[in-house]
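Here is the structure we will look at.
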Amino acid sequence: MDTRDVVAELASDGWSGPFEVENCRRAVAALEAGLVVSLPRLRFELGPAETGFLTDQALDQSRKNISFDAATGRCHGSGYEGERLAALTAMLERFGRLAEALVRGLLPGYAAALERGRTSFRPAEIAGRTSTPRHDDKRLHVDAFPTRPMRGKRIFRLFSNVAPDGVLRQWRVGEPFADFAAQFLPRLRPMPPGQAWAMQLLGLTRGRRSHYDHLMLGLHDTAKLDAAYQANAPRVALAFPPDTTWMCFTDAVLHAALAGRCALEQTFYLPVAAMAEPEKSPLRVLERLSGRALV
Ligand SMILES: [Fe+2]
């Protein structure tokens, strides 16, 4: 594997369209094939006061991310108050708005069904951070949420490196999802009968966990806990410099974030039916491998 197997670069430098049709076509094909689409010339511009937020001092002591919910207009995870909190919230709101404009413009086939999730600001340095293996995003994994069942829906994320001093955001990207899933799926146990119902009833999940969610969580955990896989699996190292923007389906791209600080991120959700090639979704791949419907 080399960089060309995992990244497609686009030369676009604007957050809103119109985008060249050829760029749109290339972007959707690359994303659905499980590549990262990188826009090395697309920077998120910060105002003079906002550069003061590029420090882990912006965090509430116990958190590693600050998140913004467009539905409520509120930020969580910051220790700031009053005017400073309002200004930080405005920065995240603006990033989320630009990210949404970019995704809708560059991927017009997704626009009607696209759902915008949380915006996050990740000011703290990743390298040297300690966490349990299951929570350690320095290990290769695909994204899956324990409390928010996706029921097949895609997780799509857009990132910008806004580090003030040249600090690279360093990632690793692993093998194609279908190859990864074929190795790990035989090791996963089926979901125990009644578990999804009980978890929903107890308020442990928002909605009913599907077999798909159970398998995706199993893939996430089993890969992170497999030391041999983490040491030996195929991977390509990527480094995103400041003023770079990149995006991918993080439920299919095996990824690990190794180092870096001060990234902004916007999450989106997309129904499988809105994809140009739904058969490339993790849902359809897992259904083919397991020979059954999973939602
Ligand atoms: Fe992740």
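Quick note on numbering that gives the first Met the number 0: the sequence shown kicks off at 0 and runs consecutively. For each residue, glycine too, the CB sits at the ideal point set by N, CA and C.
What residue range does the beta strand (DSSP E) around residue i cover?
i	result
residue 56	Taken as a continuous stretch (DSSP letters only), residue 56 belongs to no beta strand (DSSP E), as it is neither H nor E.
residue 244	244-248
residue 254	254-258
residue 238	234-239
Please report the straight-line C-alpha distance between residue i and residue j, rounded to a whole angstrom.
i	j	result
residue 116	residue 96	11 angstroms
residue 23	residue 107	8 angstroms
residue 124	residue 55	8 angstroms
residue 210	residue 293	5 angstroms
residue 7	residue 31	12 angstroms
residue 72	residue 91	10 angstroms
residue 295	residue 94	The structure shown does not extend to residue 295, since the chain spans only 0 to 294, so no value can be given for it.
residue 139	residue 122	21 angstroms
residue 60	residue 79	11 angstroms
residue 62	residue 13	32 angstroms
residue 68	residue 105	23 angstroms
Would residue i be called buried (16 or more neighbouring beta carbons within 10 Å of its own) or exposed?
i	result
residue 114	exposed
residue 0	exposed
residue 98	buried
residue 196	exposed
residue 163	exposed
residue 134	exposed
residue 185	exposed
Put residue i into one of helix, strand or coil per three-state DSSP.
i	result
residue 131	coil
residue 289	helix
residue 74	strand
residue 204	coil
residue 114	strand
residue 146	coil
residue 68	strand
For a cutoff of 8 angstroms on Cβ pairs, would you count residue i as touching chain D?
i	result
residue 253	Absent from the structure is chain D; it holds one protein chain and no more.
With residue i as the anchor, note down where its alpha helix (DSSP H) starts and where it stops.
i	result
residue 81	81-105
residue 297	Beyond the ends of the chain as shown, which are 0 and 294, falls residue 297; an answer cannot be given.
residue 30	20-31
residue 217	210-224
*Taking one C-beta from the region 189-198 and one from the region 254-273 each time, how about it: are there three or more such pairs within less than 8 angstroms?*
Contact between the region 189-198 and the region 254-273 is absent, because fewer than three Cβ pairs lie under 8 angstroms.
*Can at least three beta-carbon pairs, one atom from the region 40-58 and one from the region 239-252, be found at a separation below 8 angstroms?*
Cβ pair count under 8 angstroms is three or more, so yes.
*At a cut of 8 angstroms, does the region 205-220 reach the region 136-151 through at least three beta carbon pairs?*
As far as the Cβ criterion goes, the region 205-220 touches the region 136-151, which means the pair count is three or higher.
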